[in-house]
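Residue numbers (our numbering), protein chains in the order written: chain V, 1 to 628; chain A, 629 to 1256.
Presented below is the structure to which this report refers.
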């Protein structure tokens, strides 16, 4: 966390000084906005939190609810989401209040006494170290609270506009604010009144029954529900010994439970199998009472009993897997000639079972993907064509999610006798761990993702996948630093320069590259606006192969220690050395001849290049920079 | 963090439900209070934050400043303080915004060119793993902010009463509220008006010129200042390469600097040697300007230069070491026959140089020591004699601090040629690391500290020293847990039962002890009030020698899994197993025959006993429990 360089900060440094549209931000929704976000779920709030960091952009987020969400349905937080929260500054706090999944237990019918269940196996969560972040369970409402806090503390002082429901939308072909959105006021003195807001861009984050989606003519395709589950958040007295451990429980009669312990040490969620639903009886299953769900849970848990003492929430749902054909308003035959004005995210695009704990996570990554792109286009950094990459990238991810969830929920619904091997479910869980942890996403080559030409120079930083952090030592203060954790959600591109073996300052590939970055007219840094800090758009860091004691800070090239802020103070936090306990060059398979790793604002590796490949580096960024 | 067991918590679980005196807490200071704390510095705020956890106790804290502290002088946060913050729930947040000391550098005159300084050595901070907590630098104002938040979120909804200055005090011999304190209003419409508040107890946390101390007739004794230092918090442009590392810098002309990098990546503090002050010139040295301090710093730093761009704060001070004769209002000849009504803490008791970074830390431990004792007496748990242990324990600690600081500041003021060995300063720093980290405090036997009779059963938990946490596995959810971190500042005694080798539930020393704790009339738990949770006063935990997979939770004795809250739900978080990577029995030298470790509410080890020593356990607690 860097502060005090614009003057002494007495209070919470997380509260940034108000700036731009955050100074005297109008309480009322204005008539014209840059971005209108519809819906304040996880995707909408992340998009808003990202855009809130840009003082020049007017973003508003409307929500039909009149207040903060009290209790949400989603609760699974994969490690990739915690990594994302880290970038937004609240990972350590949400982790402190969340339930932490470290093992999963698998219960099966006892072969010697099949009416009873016994523990069949345990699987360690993330046994292979996919991420340094934990796998958490915490209610969606708290996730939204934290994003609301990020927005409130941002330069733009954003907060959601509650009590406004999306009604309809018209997209014009021209004008500064081509999208006209009609909203209906909910509650308050003007309940039911309509008003129109004009926007440059609209992001629909309005859930499975998205009206924004309907407005742009997307179609949802997929199977229909046929397996019903009762879900309940309860506290109970029980002798089931793994009640505080995530469990898949399969009983002899084919019923099953997915047990998810919740934050706070007492509450837990159970997904209780209600069986196959006949096409003509769908209404009936939805009438299943909480008492029936509890009775069914008790039957499955035999010989253990569950004495439910308090019910926080319950529902009945049927598994459905549906996916939209596109994530924006550009019809297939216009791709490449038209750029989008309207985007949809999260449940508006993809619906599926809740039991793999994926929905909220994938939705947030939709938001992380679109947020910075909108900001770069609106600020004039990048051309509008950048926006077309959103649908192209995220539709594939959603498709993979649907496929994964189908397999997982089919397995979960299987009867014990249908398994070829009693540990089939457990094996699937362990084998596929990278997917539900959120790290299987691999974007294919595009204007923001290079190809794999030089991948061998950095085998641990796969182009198209998220930048997997590793430990380093910061030279200036000798602190052990997880390199990736220093990258916050500030919308900047990162250029990590992993040095060749020469010491800092001596003639070398790093020295030449640094000189080019600082001074060449083709350097991406050359487009940084006059008056802005030299690292305002591109955060350039160097990591030397030497231990920190052997790096002479004064000899480090200037591009890695820029002057920042009104006092032109050195930014000391861009020069790293290897950690003696964990050499990042070894950990990530980095070439000892050095390598440049370009990382997107949403933390995905965009390119891997040799130190000398300045032409390729310039060529990669040229289409992304409007000034080129 | 445990919650949801009194009903679903939708918002921030750190905000506890208002209870007792926190329901309709009066905005105005009432005429009668249980505890009146004078002064809202670190000692006062910690005492207040501790007392705020007790819904039945009316505590108010008065402060002559009219508002929150904007910029404080203290900034050194030793690991023991971070451990304390952990107990109050904000360690992870203050750590995220603080500067982290991982190494210290020692600069000396270059023997080949003595007008220049060179780096003579580096010392790793806490090289021996004294604590799992970091050594931080963050401004005192932020520490106070976090304690204010703890108070605001507590059941009593406390906040400081600003704009009230202590004027005078009369202590009567009888009555429910024997201490009458006259306060003067500062600022506002009633500026200068006096009012009287009656209190059961008064805690003076009003600094080096404490009026509370004067009121109870304590005398401060010690040497007078004779070495002057300029101190400045600044941002600067410099080529001194270690500007972001803590440094002791000694120049050839005898001048020296202690450099403390500050939070935020840019600000730093320098203590600049201004030399020996003649007795008759004290007024003059205090007139040293910031320009003169900067010029002196530049001279010492040669060949490097310091271009100060902004000054946040600066001052001139002279080192003085003074200590009060007692920490309460009981005169020496009344000890044992009279119990105290008035206590003093922090700078009111001990003043010394700032350069060892100790003052704020020792002051907070004063507060941590007195807070729970006042609460236990006021709640009727413990007899008033408990309060006499405060002065007895803390006066010794302050004496040790003064001695340490004298040695350190004398070394810091030495000229290079006076050192026998050039690394003398560095060696002292490394050799004495446990002291400034805050872990040398070792209380001697008293009514709350047992003797060392059974110390060999737990060589890593020294009786009288703070409970040094170690890793365990929580059985219910398989989470790796730092055992000591589960102990929050809730005023409870902890009884850690480290099991013998028998499995949970089988006949064993643990089973017998558990039975005794639950059912024996002599068990300390037997005094827990009717209607309160069975673990309300005593938090009893068990740690088995087996890995968590081999602990049958259902077989664990009842005392380790009490029913809590209105739904009588099992508290699952008291049953632990050994961590496969770090066996706490090995790490802390625990007997494989089992051992009981009793820990005070302020985290100090009170007793170490064999599992079978129920008589000794009962005898230890009997004098501490008014109901006995």
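A virtual CB, placed ideally from N, CA and C, is assigned to each residue, including glycine.
Counted within 10 angstroms of its Cβ, other Cβ atoms place residue i as buried (16 or more) or exposed
i               : result
residue 1038(A) : exposed
residue 912(A)  : exposed
residue 172(V)  : exposed
residue 915(A)  : exposed
residue 758(A)  : buried
residue 398(V)  : buried
residue 86(V)   : buried
residue 962(A)  : exposed
residue 331(V)  : exposed
Cβ separation of residue i and residue j, assumed to be a contact under 8 Å, to the nearest whole Å
i               : j               : result
residue 542(V)  : residue 497(V)  : 5 Å
residue 896(A)  : residue 839(A)  : About 35 Å separates the two Cβ atoms, so there is no contact after all.
residue 730(A)  : residue 422(V)  : That pair is no contact at about 50 Å.
residue 588(V)  : residue 460(V)  : 3 Å
residue 169(V)  : residue 52(V)   : Going by Cβ atoms, the distance from residue 169(V) to residue 52(V) rounds to 23 Å, so no, they are not a contact pair.
residue 1210(A) : residue 1098(A) : 7 Å
Among the options, nearest to residue i - alpha-carbon criterion
i               : options                             : result
residue 711(A)  : 762(A), 747(A), 1254(A) and 1253(A) : 762(A)
residue 197(V)  : 31(V), 274(V) and 578(V)            : 31(V)
residue 239(V)  : 1191(A), 1209(A) and 1242(A)        : 1191(A)
residue 847(A)  : 786(A), 730(A) and 972(A)           : 972(A)
residue 386(V)  : 300(V), 524(V), 370(V) and 233(V)   : 370(V)
residue 1241(A) : 764(A), 1137(A) and 1164(A)         : 1137(A)
residue 72(V)   : 637(A), 666(A), 653(A) and 670(A)   : 637(A)
residue 270(V)  : 242(V), 474(V), 252(V) and 419(V)   : 242(V)
residue 705(A)  : 891(A), 886(A) and 979(A)           : 891(A)
residue 62(V)   : 27(V), 89(V) and 327(V)             : 27(V)
residue 639(A)  : 533(V), 6(V) and 69(V)              : 69(V)
residue 779(A)  : 1035(A), 882(A), 718(A) and 1113(A) : 718(A)
residue 648(A)  : 685(A), 641(A) and 1174(A)          : 685(A)
residue 1194(A) : 236(V), 183(V) and 95(V)            : 236(V)
residue 1055(A) : 734(A), 1238(A) and 687(A)          : 734(A)
residue 1213(A) : 986(A), 1228(A) and 1127(A)         : 1127(A)
residue 814(A)  : 938(A), 1165(A), 1231(A) and 693(A) : 693(A)
First through last residue of the alpha helix (DSSP H) which encompasses residue i
i              : result
residue 292(V) : 290 to 301
residue 482(V) : Not the alpha helix (DSSP H): residue 482(V) falls in the beta strand (DSSP E), residues 480 to 482.
residue 436(V) : 434 to 437
residue 708(A) : 707 to 716
residue 770(A) : 768 to 781
residue 518(V) : 509 to 519
residue 409(V) : 388 to 413
Sequence-distant residues of the same chain with beta carbon closer than 7 Å to residue i, five excluded per side
i               : result
residue 555(V)  : 504 and 505
residue 1022(A) : 955, 994 and 997
residue 1077(A) : 1071, 1091, 1092 and 1234
residue 738(A)  : 744, 745 and 746
residue 401(V)  : 350, 352, 358 and 362
residue 434(V)  : 130 and 440
Nonlocal neighbours in the same chain, by C-beta distance under 6 Å from residue i, ignoring five residues either side
i               : result
residue 552(V)  : 504
residue 312(V)  : 233
residue 1250(A) : 1256
residue 535(V)  : 562
Cβ neighbours of residue i in the same chain (closer than 8 Å, five flanking residues each side left out)
i              : result
residue 828(A) : 661, 662, 663, 804, 805, 806, 807, 969 and 1006
residue 560(V) : 497, 514, 540, 541, 542, 574 and 575
residue 140(V) : 41, 42, 69, 72, 73, 74, 75 and 360
Beta strand (DSSP E) segment containing residue i, residue limits
i              : result
residue 848(A) : 848 to 851
residue 899(A) : 896 to 904
residue 165(V) : 164 to 171
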